[in-house]
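Protein chains in written order, with my numbering: chain A, 10 to 236; chain B, 28 to 244; chain C, 273 to 520. Since the structure comes first, as structure tokens, the remarks are kept for the end.
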Amino acid sequence: MSTLSLTSAFTLLLKRDLVLAYRRRAEMVNPMLFFVLVTAMFPLGIGNDPKLIEAVGPGVVWVAALLAALLSLDSMFRSDFDDGSLEQFMLSAHPVSILVLAKVLAHWLVTGLPLFVVAPLLAVLLNVPSSAIPTLMLTLVLGTPVLSLIGSVGVALTVGLRRGGVILSLLVLPLYVPVLIFATDAVKTAIVGIPTTAQLSILSAMLVGSLVLAPMATAASLRISLS
Amino acid sequence: MTAASSTRTTTAFEARSLECIRDDRMLFEDLSFTITSGQALVLEGSNGSGKTSLLRILCGIRLPESGELFWEGDSIFRLGPEFHEHMAYLGHKDGSKLDLTPLENLRIARGLGKARADIGLEEALDQVGLYGFEDVPTRNLSAGQQRRLAIARLLVTDAKLWILDEPFTSLDRKGIAHMERLFEGHLNRGGMAAMTTHHRIGFRDDVQLVRINLSER
Amino acid sequence: MIVRFFHQMGSPRYFYGVAGKMIPWFMVGFLVTLLLGIYYGLFVAPADYQQGESYRIMYIHVPAAWMSMFIYVVMAVSGLISLVWRIKMTEVMVISSATVGASFTFLALATGSLWGKPMWGTWWVWDARLTAELLLLFLYLGIIALHSAIEDKRVAARAVSILALVGVVNIPIIHYSVEWWNTLHQPASVTKLGKPSMDMSMLAPLLIMAISFKLYYGAVVLMRARAEIVERERNSRWVMEMVEQEAK
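Here it is as structure tokens:
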């Protein structure tokens, strides 16, 4: 296989998933709506004291992003599993991990990126100072792809199960903890006005690490789920 | 059958003492065969005798309990994608996206495999009798037409070995005869096939069939 | 050489026999070291000048916490071996270890919480080690849940092996992040045990207990593995013959 056809297979699959998402564009709004709704629940639950809301703001935005990412994970391989496309990917002439990467990227563009768009709005709702909003956006850009990548392993392991959803959250949420910690810490540090290079570098390192490792683990897991 | 010595010169697909266990039940053991260019392996056997499991083992989706598979003398587990570029699989599920058009579906199928140069996508659709349906969403096709689309997928890649699990599902009698001509064409070009079907196969007499009955072993 | 050893051990029947012979030795070793450890820990070791007698729960808590990590690593290594060489016995080891590991993790959490009451005044503090231990428990539970959800047990074993490997890569990252999080939110207030200056009379029972727990794990994991083997191989000739002989 030449590298040319490998990259073209990657873009082909990426385009395919984006076209499919576009033809069902009504569904694209759902994770975003969920993100907004969960965030809105918190002030209702803890009271409207501005100080309190400000203190929990960064954490709430990120926990809501985590849950929204988790909720949308299931759609990553589900329909391809149901209609047999996933089998065809396993049997393609290209390394499965590259195809997985294309699918994860498409999934993130469709479900992760919209979170990024509404995040500033939510930050304002939760009294996050505007000086920290760029940092919040940066953590979302670096962090949500990690969530999609780690999540892809979990989905791949549970895609063949009838009630995989609950198990999926059990598998994936503990692995999301480092992203949650460093991302919220970065935002909190930014609110105080201290440089956040350390947290952002760690998040970038996690992104690179999961970009390298997760597609392989996902490919191996898909092979197991389909056997 | 074919002598082992000839595997060096012609393309051959060989199974060596395959064993398959599913849900604690031994489906088959010590199953060996070789098929070469122009030959079709036809699996027979009652329901649950392991035909689908065997076909999935042959394409490398499922791992056998023991045994090995060789493509031109190399283990398919070692070859991985290099084996898959010579192979196309048609399973119970069509593997087409209902939200895409037949043409889009075929384009993806071609991109995933090793593209065949001598046939265009429209021509492949024409060969399976879907001329005029290029741009209709696959969702709007009938079950038989969707099966035809799945068969068209086999035509657009340069796969020598076709693995077909009940390829004639939801096709009418005329459709079956038509697809049989396509499969014969593939075998005549030096291709190979491994297949199961409930129908009596109406290939021409000069097509070499290797029959294995999983129920009577 | 090593591969050949594993392949021989990989034969279920051989493993079943060898494991059966090893279990009594592990059990005896476990009981002896347990009694020894309890005796030294409760009666010989002196009381702590700060915490009085309550520190003695450490003799359960610390070895249990060590075991929770140790077993996860054993599980991941078995997982790797079963994925690479497809050896049945390491597959069995993975899932047999998971339940034992989860129990030790739970034990570490429970004793940590009991210990926390006299030390911190509450049952639970979001302390770095306890939090990391809690997340480890979730990882174990995920493995057990996935294994029970997949019907074909060979497929389940391979799925769980991958999950264990993913987990073992993530555990150091989780630990590091939890420590980072802890130092920020809660400046170090609690004096930790396990400082190098611990007196030998206090340290010795701890080490004895650690050995005892390892022997216990050895015994239990072999028992579980044997049970798992018999279940998996229930249709094979050697299991049927064995059952017939037992019946006589």
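Positions of the beta carbon are idealized from the N, C-alpha and C atoms, including for glycine. This structure is a prediction, so every number in the text was calculated from the model and none was measured.
Candidates the options: which alpha carbon is nearest residue i's?
| i | options | result |
| --- | --- | --- |
| residue 356/C | 448/C, 506/C, 454/C, 434/C | 434/C |
| residue 187/B | 142/B, 242/B, 176/B | 142/B |
| residue 212/B | 87/B, 65/B, 45/B | 65/B |
| residue 71/A | 201/A, 204/A, 181/A, 146/A | 146/A |
| residue 238/B | 133/B, 145/B, 60/B | 60/B |
| residue 115/A | 218/A, 22/A, 225/A, 63/A | 22/A |
| residue 294/C | 511/C, 488/C, 510/C | 488/C |
| residue 86/B | 143/A, 31/A, 129/A, 98/A | 98/A |
| residue 537/C | 477/C, 377/C, 339/C | A query on residue 537/C cannot be resolved here, the shown segment of chain C reaching from 273 to 520 and no further. |
| residue 137/B | 115/B, 119/B, 202/B | 115/B |
| residue 15/A | 93/A, 101/A, 76/A | 101/A |
| residue 157/A | 134/A, 193/A, 130/A, 112/A | 112/A |
| residue 308/C | 471/C, 511/C, 480/C, 510/C | 480/C |
| residue 432/C | 348/C, 284/C, 285/C, 329/C | 348/C |
| residue 209/B | 231/B, 125/B, 165/B | 231/B |
| residue 216/B | 57/B, 78/B, 67/B | 67/B |
| residue 144/A | 160/A, 205/A, 182/A, 104/A | 205/A |
| residue 45/A | 208/A, 82/A, 128/A | 128/A |
| residue 171/B | 185/B, 182/B, 193/B | 193/B |
| residue 207/A | 194/A, 48/A, 159/A, 232/A | 194/A |
Excluding the 5 residues preceding and the 5 following residue i in the sequence, name in chain order all residues of the same chain whose CB lies nearer than 7 Å to its CB.
| i | result |
| --- | --- |
| residue 320/C | 327 |
| residue 374/C | 409, 412, 413, 416 |
| residue 234/A | 165, 166, 168, 169 |
| residue 83/B | 89 |
| residue 388/C | 394, 395, 396, 397 |
| residue 504/C | 425 |
| residue 255/A | There is no way to answer for residue 255/A, as the model of chain A reaches only from 10 to 236. |
| residue 368/C | 493, 496, 497, 500 |
| residue 225/A | 106 |
Would you report the Cα separation of residue i and residue j, rounded to the nearest angstrom?
| i | j | result |
| --- | --- | --- |
| residue 197/B | residue 498/C | 48 Å |
| residue 100/B | residue 215/A | 42 Å |
| residue 153/B | residue 195/B | 18 Å |
| residue 371/C | residue 401/C | 21 Å |
| residue 178/A | residue 79/A | 7 Å |
| residue 222/A | residue 228/A | 10 Å |
| residue 132/A | residue 149/A | 12 Å |
| residue 148/B | residue 169/B | 20 Å |
| residue 153/A | residue 35/A | 21 Å |
| residue 236/A | residue 93/B | 15 Å |
| residue 224/B | residue 117/B | 12 Å |
| residue 508/C | residue 515/C | 11 Å |
| residue 64/A | residue 212/A | 22 Å |
| residue 216/C | residue 337/C | Chain C is shown from 273 up to 520; residue 216/C falls before or after that span and cannot be answered. |
| residue 162/B | residue 32/A | 14 Å |
| residue 141/A | residue 335/C | 44 Å |
| residue 351/C | residue 290/C | 21 Å |
| residue 117/A | residue 292/C | 51 Å |
| residue 25/A | residue 151/A | 25 Å |
| residue 155/B | residue 500/C | 51 Å |
| residue 55/A | residue 43/A | 19 Å |
| residue 190/B | residue 112/B | 13 Å |
Which same chain residues, not among the five before or five after residue i, have their C-beta less than 6 Å away from its C-beta?
| i | result |
| --- | --- |
| residue 110/B | 98, 103 |
| residue 474/C | 317 |
| residue 20/A | none |
| residue 384/C | 333, 402 |
| residue 229/B | 207 |
| residue 205/B | none |
| residue 76/B | 241, 242 |
| residue 72/B | 78, 240, 241, 242 |
Could you pull out every residue in the same chain whose Cβ sits closer than 8 Å to the Cβ of residue i, ignoring the five residues on either side in sequence?
| i | result |
| --- | --- |
| residue 33/B | Bear in mind that a pLDDT of 40 at residue 33/B, under 50, signals an unreliable position, so the model cannot answer this. |
| residue 121/B | 173, 174, 176, 177 |
Is residue i near the ligand NAD, going by C-beta to nearest heavy atom under 7 Å?
| i | result |
| --- | --- |
| residue 176/A | As presented, the structure is devoid of all ligands, the ligand NAD included, so that no description of it is given. |
Whole alpha helix (DSSP H) runs in the stretch 126-161 of chain B with 4 or more residues, listed along the chain? 129-139, 148-154
In chain order, what are the residue ranges of uninterrupted alpha helix (DSSP H) at least 4 long that sit wholly in the stretch 144-225 of chain A? Within the stretch 144-225 of chain A, the complete alpha helix (DSSP H) runs of at least 4 residues are 173-201.
For the stretch 106-124 of chain A against the stretch 128-135 of chain B, do three or more pairs of beta-carbon atoms, one drawn from each stretch, fall closer than 8 Å, so that the two count as touching? no
At least 3 beta-carbon pairs within less than 8 Å: the stretch 449-456 of chain C vs the stretch 178-197 of chain A: In this structure the stretch 449-456 of chain C touches the stretch 178-197 of chain A; the number of beta carbon pairs closer than 8 Å is three or more.
Within the stretch 77-118 of chain B, note down every full beta strand (DSSP E) run reaching 3 residues or more, in order along the chain. 93-98, 114-117
Meets three-Cβ-pair contact criterion under 8 Å: the stretch 50-57 of chain B and the stretch 194-210 of chain A: no
Count Cβ pairs between the stretch 358-372 of chain C and the stretch 421-440 of chain C that sit closer than 8 Å; are there 3 or more? The stretch 358-372 of chain C makes contact with the stretch 421-440 of chain C; the number of CB pairs closer than 8 Å reaches 3 or more.
Using 8 Å as the Cβ pair cut-off and three pairs as the minimum, do the stretch 283-303 of chain C and the stretch 490-505 of chain C touch? yes
Relative to chain E, which residues along the stretch 74-99 of chain A have a C-beta separation below 9 Å, given in chain order? Among the chains of the structure shown, chain E does not appear; the protein chains present are A, B and C.
Every unbroken alpha helix (DSSP H) within the stretch 73-105 of chain A, with a cutoff of 4 residues, ordered by chain: Fully enclosed alpha helix (DSSP H) runs of 4 or longer: 87-92, 94-99.
Alpha helix (DSSP H) runs contained entirely in the stretch 152-240 of chain B, provided each spans 4 or more residues: 170-183, 200-215
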